[in-house]
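Numbers given in my numbering equal positions in the sequence shown, counted from 1, plus 185.
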Amino acid sequence: MSKMLFLVYVLVSLGFAVIAVTGGDHVIGRAGFGLVLLALPVFLLGLNNLFSSKVRERTWLSVITVLGGGYFIWRALAGGPIGLALPDITLVLAILVTYQAVTMSGMGLKKAIIVVLAIVCAANVGIAVVQALSGSGYDFWEGSAKEASAVTGFFGHYNAFASFLNGAIFFFLSVALLGKGKIVRIGCVLLVVGMLVALHLSGSRGGWISFVIGGVAWLIVINIWLVQQKSKWVGVSIIASFGLGVSGVLTSVLVVQKLSEKRAEHSDEGLPVEQDVIVDDGGRLDFQQMAIEVFQDEPVLGNGPRAFSYVSLQKWDPSELLFSNRPPEWVHNEYLQALTDYGAVGLVIILIVLLLHGILGCYSLFTESNGDVDPIFKIGALGGLVAVLCQCLFSFLMHFPSCAILCAFHLGILASSPRAFRSKGGFEMAGKVSTGVLGIATSGSLILVAVPLFQSFRLSLKANQALANVVTAGDAFHALEILDEAGTAGRDPKIFEVAGRLAMTNAAVSMENKDRELAKRFNERARIAFEKALKYNPHFSPAIAGLPRVNDALGNALEAEKGHEKAMATLWAREFRLKPHYYAAKSAMMGGYRAMVGQDDVMALQHFRKALERISKRRELLERHWERPDEKSLRMEVEGWIAFHEARMLFRKGDDVWKNARPRNPGLAYGLMLEAQKRYRASEKVVRDKDSRWGRQVEQLEVNLKLFVTVRERPAKLTEEQIAKIVTPEAGLDSGPSNR
């Protein structure tokens, strides 16, 4: 083995290990170092391909696969925005580079990666057991507590954890059954047992179903291969496989039911299960129905990278999905995700690539003489790939770097051939040069995107440390500056969201401490953070909701109103969490107070009515039982001020009718003043101690009403239409500081 080849094996193995361990959630920057380690040797392999006289078989398949991946990179860049495109581009490049590393290398690299995979899986099993025994789940990398049922290993989600186990377990099953070396086979058996235990502990229903389906596919492939090899164990294997397959399918229903009951036991209510738990889809079918609707908007090329995360909000059906549900960032079906984001072209490319690799992998397994190890790996890759692709029907697995590179490893094994021969020119030479150029291009591109992503992650860690040690306002601003650098490096709107929320929190504390100038500085920082978040992703919900709140705090009334209008129009499906109508109502109420200070009661009433309309819309969306104490307080405050201003208008109109109407109409005046009295009483709790006009006007009103009683005047009955006509702002109000 040459020194360069040894270096390639070491770097690829290390890179694969780092990504497998650190790429278990959507923080791609954490896996950035591993991505660089993986890309560097592929760059070397690409250069080697250009100058080497040897070429491996099926270079055409590698070229098709990489060019197919190029479509997704182009569409992500063209469809933007960069804050959504960059993560998808990075994942596609990671898949392509892993695939090229496997296809451009020999069997030695595949063995090395399998060893790495065994170590990573063993570590995952160990962590899962600790999580289960501790009785309280936790996120390994974030260090935050999770629900007690969350057993996830290195991963941030149990479905991704289960998928990674499924994708790897069939390699070790194949080695245990077909491999050589007693110690290795026993070790694989023990590892498989541990992985099955961890798979069950994860509580992933889709993971278990996918394992059964992948297992059936694996049994079919292994029996066909044994028949082809004329093994003496064919009969026993077929009978055993049939029994295992049937029992697996039959028991999967029971296992899924038990996993559902276990999940219900650890639900938010924490109540024991006293009746049969209904196995539901968790809203997936509704998400997938929305995905089909989103796809129909742009059926050919799709709506752009991760477009479902924001387009779906406009297709939310409250009759099917509660507003308390977290609006889906993902379709929970990778094929429909590709369809909505990258169109029919993207899905067709994926299906063609998968079909070609499946067919050629089986052809190679059953017709070529591949030595002792290659068939074992191909059988394991087929079983693992089927399991992962099956679970992709239920989850968003290809958006986890760990799962993405494992799937690429499967494809690379199926596409590769152990034989290498000297190129004789023509088509073979073109294929060799093409794979070399594409290897250089993809690995170089991955380095270009992975380095700033990893830098962004490092800066985020530095910012977290700085935030933990904040003592003074200067410390807080320093931490926010680091977060700004992190967000800029990674073009990550989520980092800017964190910065914006932290700045708003500090501004609120400063206001409590009566330091308005410091509060203004923090709010300015929050405004900048949210604007940068929207620069990288104009559809980013938290920034759309947060920016108008900051503008309210800064006194930018016009910008705030535009922002609230946009938030209410685009984020109504996220009312439960982001509360756009609630904050818009607060903004309108504060506008009413400002108008009152400016002695413009007409404008004040308009603002208060707008506030009531918005808070009422929130109640309509969420139903009345969702009204929290602060929301109820706001509603009652607004209703009180509206009642006060309407009472003043009715009192003024009644007084005018009494004094100036010709012919005189005391009954109408009496009726108007009685309506005014109702509204003054309704506004008493809110207004009496806040506006001195209330007491003076009520006192005068009572004098007038006593007079009507004395003369035994009968009040006129007013219709709602008559009252509404009088209390509209166009009827006018005395804009002076007092009235009577």
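Idealized CB from N, CA, C, for every residue including glycine.
Among the options, nearest to residue i - alpha-carbon criterion
i, options, result
"K910", "F893, K891, M834, N845", "M834"
"A745", "P733, G433, L756, D669", "P733"
"D786", "E831, K679, Y768, P765", "E831"
"T244", "L539, S619, L350, K771", "S619"
"A145", "E822, L890, A854", "Nothing about residue 145 can be read from this structure; the chain reaches only from 186 to 925."
"I405", "L429, N708, Y343, I394", "L429"
"V485", "G208, L652, A529, M475", "A529"
"F346", "V374, I398, R686, R390", "R390"
"L857", "K902, L232, A752", "K902"
"W843", "F357, L743, L890, V634", "L890"
"D210", "F228, A308, F325, F257", "F325"
"L498", "E905, V301, L220, A754", "A754"
"T552", "K188, I312, A492, Q414", "Q414"
"H342", "A714, E798, V212, K875", "V212"
"A202", "K870, G880, A297, G293", "A297"
"F725", "A752, N736, D700", "A752"
"T337", "I249, I312, G546", "I312"
"T436", "T895, G659, V397", "V397"
"F340", "S237, N233, T250, G208", "G208"
"E887", "K863, A846, L302", "K863"
C-beta atoms of residue i and residue j nearer than 8 Å
i, j, result
"E760", "R803", "yes"
"L935", "R676", "What is shown of the chain runs 186 to 925, which leaves residue 935 out entirely."
"S348", "G392", "yes"
"N722", "G217", "no"
"L665", "K705", "no"
"I204", "P586", "yes"
"S641", "A684", "no"
"L222", "L192", "no"
"Y767", "E808", "no"
"I578", "N654", "Checking the displayed sequence, the identity of residue 578 turns out to be Leu instead of Ile. Contact flag unset, no."
"I561", "V360", "yes"
"K747", "A773", "no"
"V377", "V305", "no"
"Y194", "I534", "no"
"A707", "A718", "With the sequence shown as reference, residue 707 is identified as Phe, and Ala is not the correct amino acid for it. Cβ distance not < 8 Å, so F707 and A718 don't count as in contact."
"E478", "K500", "yes"
"Y865", "F893", "no"
"D669", "A714", "yes"
Whole-angstrom distance between residue j and residue i, CA atom to CA atom
i, j, result
"E682", "R762", "15 Å"
"W757", "Q885", "45 Å"
"F581", "L703", "43 Å"
"I299", "A566", "11 Å"
"R712", "Y778", "23 Å"
"G132", "R370", "Here the chain comprises residues numbered 186 to 925, so residue 132 is not present and cannot be evaluated."
"L631", "K295", "21 Å"
"V464", "A600", "At V464, the pLDDT of 49 sits below 50, so the modelled position is not reliable and the matter cannot be decided from this model."
"I423", "G372", "25 Å"
"T904", "P513", "48 Å"
"D453", "M689", "Residue placement at D453 is poorly supported in this model, since its pLDDT is 46, which falls under 50; the coordinates still yield a value, given next. If I take the Cα positions, the gap works out to 29 Å."
"A333", "G880", "In this predicted model, A333 has a pLDDT of only 47, less than 50, meaning its place in the structure is not dependable; the value taken from the coordinates is given anyway. Straight-line Cα distance between these residues: approximately 58 Å."
"R950", "S395", "In the structure as shown, the chain starts at 186 and stops at 925, and residue 950 therefore has no counterpart that could be examined."
"G776", "Y495", "30 Å"
"I368", "V310", "20 Å"
"Q522", "A648", "33 Å"
"E459", "G320", "Model confidence at E459 stands at a pLDDT of 44, short of 50, so the residue's coordinates are unreliable; what they give is reported in the following sentence. In a straight line, the C-alpha of E459 is about 22 Å away from that of G320."
"Q907", "N850", "15 Å"
"D876", "D502", "44 Å"
"V277", "G254", "6 Å"
"G921", "I827", "With a pLDDT of 37 at G921, under the threshold of 50, the modelled position of that residue is not reliable, and no figure is offered here."
"V912", "R878", "18 Å"
"P457", "S426", "Residue placement at P457 is flagged as unreliable, the pLDDT there being 45, under the threshold of 50; the coordinate-derived value follows with that caveat. P457 and S426: Cα-Cα distance of roughly 38 Å."
"L819", "Q791", "16 Å"
Cβ distance (whole Å) where residue i is taken to contact residue j below 8 Å
i, j, result
"G852", "E898", "6 Å"
"W515", "H584", "7 Å"
"Y520", "L539", "No, Y520 and L539 are not in contact; Cβ-Cβ is about 10 Å, not under 8 Å."
"G219", "G200", "5 Å"
"I564", "W410", "6 Å"
"M292", "L229", "Going by Cβ atoms, the distance from M292 to L229 rounds to 19 Å, so no, they are not a contact pair."
Short CB-CB distance (under 8 Å) between residue i and chain B
i, result
"S497", "In the structure shown, chain B cannot be found, because there is only a single protein chain."
Is it true that the stretch 307-318 meets the stretch 621-634, where meeting means three or more beta-carbon pairs spaced less than 8 Å apart?
no
The stretch 350-364 in contact with the stretch 584-593 per 3-pair CB rule at 8 Å
yes
Below 8 Å, how does it come out for the stretch 276-286 and the stretch 560-574: are there three or more Cβ pairs, yes or no?
no
Does the stretch 525-540 come close enough to the stretch 253-263 to have 3 or more Cβ pairs within less than 8 Å?
yes
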